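Each remark here refers to the structure printed beneath this line.
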Amino acid sequence: MRKFLLLVTVLALMLMSFSMVQAQDYSGQTIVVVTQTGRSIGGPVEDYAPEWEAMTGGDVQLQQFAFGELFEKMIAAFETGSIDYDVMIFPADWAGDFMAPGYLEPIPQDLLDSLEPDDIIPLYADRITAWGDTVYALPYDGDSHMMYYRKDLVNPESPYAADFEAEYGYPLDEPQTWDQYMDMATFFNGMEVETAGEVFPIYGVGEAQRRNAQSYWVYLSHAAGYAKAPDNPCFFFSCEDMTPEVNNPGFVRALEDYIALRDLGPEEMINWDVSDTRVQFPAGCCVFNIDWGDVGPISYNPDASIIIGDTGFAPLPGGSEYWDSMAGEWVTPEDGVNRAPFIAFGGWIIAVAADSDVKEAALDFAAFMARPELVRELATIPDTGINPSRYSQLDTEDVSLWVNAGFDEAGAVDYLSAILEGINHPNAVLDLRIRGSAEYLSILDTEIARALVGEITAQEALDNVAAQWNDVTDRLGRDVQLEQYRSSVGYTG
Amino acid sequence: MRKKRTFLQSVLLYATVLFWCFIVLFPFYWLLTTSIKTQISVSRGPKYLPSFEVPFITIIDEDGNEVPYTTPGDFTPTGQHWQDLFTRDRDEVVRHFRNSLIAASGSTILALIIGSMAGYGLSRFKYYWGRLGWDNENIAFWIISNRFLPPALFVVPFLLIYSRLGLIDTHSGLIIAYTMFNLPFAVWIMRDFFNGLPIELEESAMIDGASRVTAFLRIVLPLSAPGLVAVAIFSFVFSWNEYLYALMLTNFEAITMPVLIAGQNNTRGIQWWFISALTLTAVAPVVVIGLLLERYITRGLVAGAIKG
Amino acid sequence: MQEKATPSVARKDQYAVMKRVFLYPAITLLLALSIFPLLWSLGISFTDFQRGDQAIQANEGEEVSGGLGFNLTLQNYTRMLTDERLHATIRNTFFYVFAGVIIQYFFGFGLALLLNQHFIGRNLVRVIFLMPMMVTPVAAAYTGRMMFDSTISPLAQLQRTLTSMVQSIGAALPGDFLDNAVVSIPWLTDSFVAPLTMVLIDSWQWIPFMTLLLLAGMQTIPDEIYEAARVDGASSWRILTRITFPILLPISATVILIRGLEIFKIIDVIMVTTGGGPGNATESLTMYIFRTALTFGNYGYASAISFALLVAVIIFATLFLAGMRRVTPR
Chain A
2 MRKFLLLVTV LALMLMSFSM VQAQDYSGQT IVVVTQTGRS IGGPVEDYAP
52 EWEAMTGGDV QLQQFAFGEL FEKMIAAFET GSIDYDVMIF PADWAGDFMA
102 PGYLEPIPQD LLDSLEPDDI IPLYADRITA WGDTVYALPY DGDSHMMYYR
152 KDLVNPESPY AADFEAEYGY PLDEPQTWDQ YMDMATFFNG MEVETAGEVF
202 PIYGVGEAQR RNAQSYWVYL SHAAGYAKAP DNPCFFFSCE DMTPEVNNPG
252 FVRALEDYIA LRDLGPEEMI NWDVSDTRVQ FPAGCCVFNI DWGDVGPISY
302 NPDASIIIGD TGFAPLPGGS EYWDSMAGEW VTPEDGVNRA PFIAFGGWII
352 AVAADSDVKE AALDFAAFMA RPELVRELAT IPDTGINPSR YSQLDTEDVS
402 LWVNAGFDEA GAVDYLSAIL EGINHPNAVL DLRIRGSAEY LSILDTEIAR
452 ALVGEITAQE ALDNVAAQWN DVTDRLGRDV QLEQYRSSVG YTG
Chain B
3 MRKKRTFLQS VLLYATVLFW CFIVLFPFYW LLTTSIKTQI SVSRGPKYLP
53 SFEVPFITII DEDGNEVPYT TPGDFTPTGQ HWQDLFTRDR DEVVRHFRNS
103 LIAASGSTIL ALIIGSMAGY GLSRFKYYWG RLGWDNENIA FWIISNRFLP
153 PALFVVPFLL IYSRLGLIDT HSGLIIAYTM FNLPFAVWIM RDFFNGLPIE
203 LEESAMIDGA SRVTAFLRIV LPLSAPGLVA VAIFSFVFSW NEYLYALMLT
253 NFEAITMPVL IAGQNNTRGI QWWFISALTL TAVAPVVVIG LLLERYITRG
303 LVAGAIKG
Chain C
2 MQEKATPSVA RKDQYAVMKR VFLYPAITLL LALSIFPLLW SLGISFTDFQ
52 RGDQAIQANE GEEVSGGLGF NLTLQNYTRM LTDERLHATI RNTFFYVFAG
102 VIIQYFFGFG LALLLNQHFI GRNLVRVIFL MPMMVTPVAA AYTGRMMFDS
152 TISPLAQLQR TLTSMVQSIG AALPGDFLDN AVVSIPWLTD SFVAPLTMVL
202 IDSWQWIPFM TLLLLAGMQT IPDEIYEAAR VDGASSWRIL TRITFPILLP
252 ISATVILIRG LEIFKIIDVI MVTTGGGPGN ATESLTMYIF RTALTFGNYG
302 YASAISFALL VAVIIFATLF LAGMRRVTPR
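Line by line, the protein sequences give chains A, B and C. The first sequence begins at 2 in the numbering used here and counts up one residue at a time. The second sequence begins at 3 in the numbering used here and counts up one residue at a time. The third sequence begins at 2 in the numbering used here and counts up one residue at a time.
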């Protein structure tokens, strides 16, 4: 048996060596890979490390920590010099804290060239993995927010379509604006509908609203449509002087929506993070859900989902109007919708520590994990949390990989085009990528949580955020922060 | 001679005992059933009772077919999660478990030795630190005040020292840290305990020619064995369950069970079934120790704690 | 206190050496491990040190200010006065400490009285009562979430069942009375209830600690005292308040102090169950310090908070111990 496995491995290696650079010899070197627990991100490392080990003679040690404390664990290790991490797989929005202080090794150009760079969506290749002009990481996973809905309920032929149209005056279909989204959620909330042969009441939405988790990303997805003007790259701050825009009428309106949604979802929703919504939405709790790409494969996983084939995928709705902060007025776009997909989080990326003792081997392993064939395959497996980051993964002409993974053809096309439309959108909004972003966003998170339970109004909450953001900016240095913010959004003005 | 209980009092007594047993045990029952539930059974819950297929017994259903008899219940159990733990994740579970065992026993033993010595010292000798103006009471208070320190902040300087000393991710590093946390409690309890032992016992031994150390080892310690057991249990439970320092000070070689349990919440969803199975795995040895040492725990604190 | 070795023994014994041998290992270990962290955080609390500053300045080839990368300042201490989030966490933490200690002491005492009775299966029941204490706090918190969730927990279903029962009673009654009544306690999702739920979860785990130590105390009370009281015709209540309770005061002081201090540092339960929400309702001090230090990298401010609290706790504990000593019968 062992011999057979060996033979298979050798054959596989021989096949691969045609497409790959000649394998180096790293025997005797151990590279430590650190990432979050669970199969979703670390699983592929566990599965494929033996292949790399056989190829190079090196050893891979995978260290995994709970997501909730992963950032603290990694940053404390960097700061105190107590680590021996070589390869890190981490969320791209930590770039400000990892890349700016120079904890990461710049990726050599020839390595980047070997990974079919033209296939990588530019957003990931040039912006999410880079700080300034230097690329510090390899894309592994693509992550952007999208909308999920029950397409067996929300469609023009649905048994509820007539009722809906009678009540709201327009046809029941995939919502294009947040107004429509709210209308449909209100319409369905509490209604007894059939799900997987059972009839039980359904909620309008299942969105993550838990404090200290992902709620601010979901909120920002709402806010982008109302507050991101197509002709202005700046969103969180004014690019003039770093004045927070977060309390302008567009943001406030989005927060009011988000607060209103609390009554259109389960009571527990305020305590749900995406860990919960990813369990509950496939279990048929709700009509709408905002989440990253993960829900797609989960909704086709028979162990977790009772709505297989009933899930609709769509880019985030937009605002029916948006606040133009430069002009200081509401603007109604010509086609009636201002789409501004929020590229929340940005995906898990692979980087190498600058003080690694085995840099060569670490870079080699990073490239091994980020190679196009592997990433393409991983994105279709429900067990992993790897979502598409390459054009070839979003090819709607050939969805065979997705069909093999349990999707039906129409679903796969629907899913891929929803992602593509989001990340390719000219008005897409990137996450806040400046130093101190953890603190800025935590402030936002806390005040949103207070507004959600009615401690304060939406306006008060966001005024508080703006005031505290100013404090943070002053503490970290306004000029430096402004410079970073400008370069992070590509402001040239 | 005990006052006889009336029938009503007995009923009340047993009812209260049963009620509290329910409060305590129901969460454990829930952990047990959750560990054999599929994801759907959790997310469409609550489900209370697994229905098992009984081997060799069949019944005839409404259509006249012979079907296996299943016990009544509202979900079909799966052994998959336990099987995963002990096959796919076996190495990982064993490693965490072994490390927990080493860290907890190591720090318990150290806390016992150093703590009982210091407790004895504070009970039997008179100290006066002139420069600070501290007597035994102040020293004891300073020792317990080490428990006031905020752990969340201290972890950073700990990392700084540990990385200099090469203690990161080592068993000894964790043992030293846990000993520091357990020590104040050990000293505090043992001091009270020795205060309750009559001093004449050692004095007569010492007049008979035994040294102070012999008297301590041969006479005082055996008499206070129950107290030592109590300290041992508290120390063990604390070190066995500690999370923050285990997370920050260890990476792989010395990592412990609580880190593994907390790690079951990842971006793919909370793995309730693994949390449940691991929690039960982790609690089992402590409960066994508790069962073995139960009678000492209560007797152990009798003599000491009472004096305060 | 008994430091009364008789002079003859003390002379024979190398008293001066021995007293060091016994105490100093503990002192040395505690000092060695606590002095650096204490000084480090005390020092940093007076600086404007911010994560990444030094590395960034070094990277950009700038002169690192003062050679250290930070300046001395009192801003961390002044900021505490105006930080609303801090004030909210202080309020929450005090609620946890007081509510937690009261509930745990009350139930701990009651259960200890119960276990002090003779009944069948007492030894087994004792271990059962101890079991919650042996669960990893992180896991206890997850278990708490499973129990108190408002959709998939057994408690939620119980509430739904009660609701339909109440409503069917309401339907049978004339008028609108009870027709739309809903039995629903928002355990984790309401700003007033959630803090209490935190206390309940913490109490489930730590009542056994109180029970154990109080039971130990009760068992030292000789039966003769009770019998004498009964001969005098004292009622059970009188025996409890006049004999049992006063004798247990010293041990009560110890357990209350220890539990109070431990609850003061509560973090696991809150991180897992509510993440500090809803709103700011459940965030604890330790959690805020953890965030400020490790997530935001503002070690100076986190240290300043810690020190202010350390002083407060020491004062509080000293007063508490002194107060307890005063009311304790000698």
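The beta-carbon is built from N, C-alpha and C at its ideal position, and this holds for glycine as well. Just so it is clear, the structure is predicted and the values come from calculations on it, not from any experiment.
Check	Outcome
Cβ of serine 45 of chain B within 7 Å of any chain A Cβ	yes
Neighbouring residues, chain A, relative to methionine 182 of chain B (Cβ below 7 Å)	Per Cβ cutoff of 7 Å: no residues; methionine 182 of chain B is ~18 Å from chain A at best.
Span of the alpha helix (DSSP H), counted from its first residue to its last, around glycine 234 of chain C	Glycine 234 of chain C -> no alpha helix (DSSP H), and no H or E assigned at all.
Interface residues of chain C facing serine 147 of chain B [CB-CB closer than 9 Å]	Leu311, Val314, Ile315, Ala318
Alpha-carbon spacing of isoleucine 122 of chain A relative to serine 390 of chain A, whole angstroms	6 Å
Contact check, phenylalanine 204 of chain C vs isoleucine 104 of chain C, beta carbons under 7 Å	The question names phenylalanine, yet the displayed sequence has serine at residue 204 of chain C. Contact flag set, yes.
Contacting residues, own chain, Cβ-Cβ under 6 Å from serine 326 of chain A (five flanking each side not counted)	Glu246, Asn249
Contact residues within the segment 95–119 of chain C, judged by C-beta distance below 9 Å to chain B	Phe108, Gly111, Leu112, Leu115, Leu116, Gln118, His119
Simplified DSSP state of tryptophan 242 of chain B, which is helix, strand or coil	helix
Beta-carbon proximity of methionine 148 of chain A to isoleucine 291 of chain A, cut-off 7 Å	yes
Distance between leucine 40 of chain C and glycine 68 of chain C (C-alpha atoms, nearest Å)	With a pLDDT of 47 at glycine 68 of chain C, under the threshold of 50, the modelled position of this residue cannot be trusted, and the question is left open.
Any beta strand (DSSP E) of 3 or more consecutive residues that is wholly inside the segment 270–294 of chain B	none
Neighbourhood of methionine 288 of chain C by C-beta, 7 Å cutoff - its chain only, sequence neighbours within 5 removed	Ile268, Ile271, Met272, Gly277
Own chain partners of asparagine 299 of chain C with C-beta closer than 7 Å, once the 5 adjacent residues on each side are dropped	Gln51, Thr293
Identified DSSP bridge partners for aspartate 292 of chain A	A:Met147
Pairwise C-alpha distance: serine 489 of chain A and leucine 161 of chain B	33 Å
Chain-ordered chain A contacts of phenylalanine 297 of chain C [CB-CB under 8 Å]	Gly437, Ala439, Glu440, Ser443
CA-to-CA distance, arginine 40 of chain A to proline 51 of chain A, given in whole angstroms	16 Å
Neighbour list for leucine 201 of chain C in chain A, Cβ cutoff strictly below 7 Å	Within 7 Å Cβ-Cβ: nothing; leucine 201 of chain C doesn't reach chain A, min ~15 Å.
Buried or exposed (CB count within 10 angstroms, at least 16 for buried), arginine 279 of chain A	buried
C-beta atoms of tryptophan 362 of chain A and isoleucine 32 of chain A nearer than 7 Å	Note that residue 362 of chain A is alanine in the sequence shown here, rather than tryptophan. Yes.
Contact with chain A by proline 279 of chain C, beta-carbon distance below 7 Å	yes
Three-state secondary structure (DSSP) of methionine 192 of chain A	coil
Neighbourhood of alanine 323 of chain C by C-beta, 6 Å cutoff - its chain only, sequence neighbours within 5 removed	none
Residues within the segment 269–284 of chain A neighbouring chain C, beta-carbon criterion of under 7 Å	Glu269, Ile271, Asn272
Reduced DSSP category for glutamine 62 of chain A - H, G, I as helix; E, B as strand; rest coil	strand
Alpha-carbon spacing of isoleucine 315 of chain C relative to alanine 303 of chain C, whole angstroms	18 Å
Counted within 10 angstroms of its Cβ, other Cβ atoms place leucine 75 of chain C as buried (16 or more) or exposed	exposed
Unbroken stretches of the alpha helix (DSSP H), 4 residues or longer, contained in the segment 107–192 of chain B	138–147, 153–167
Under 8 Å from the C-beta of leucine 24 of chain C: neighbouring residues of chain B	Met119, Ala120, Gly123, Leu124, Phe127, Tyr129, Ile141
Residues of its chain near glutamate 64 of chain C, where Cβ-Cβ distance is below 6 Å and the 5 sequence neighbours each way are ignored	Any reading at glutamate 64 of chain C must be qualified, since the residue scores a pLDDT of 47, below 50, and its modelled position is unreliable; the value itself is stated next. Once the five neighbours on either side are set aside, glutamate 64 of chain C has no close Cβ partner at all.
Rounded distance between the beta-carbons of leucine 379 of chain A and isoleucine 387 of chain A, thought under 8 Å	4 Å
Segment limits, alpha helix (DSSP H) that includes leucine 477 of chain A	459–477
Assumed close pair alanine 345 of chain A, tryptophan 218 of chain A - CB separation to whole angstroms, cut-off 8 Å	4 Å
Members of the segment 340–357 of chain A that neighbour chain B once the beta carbon cut-off is set at 8 Å	none
Beta carbon proximity, glutamine 158 of chain C to chain B, threshold 7 Å	yes
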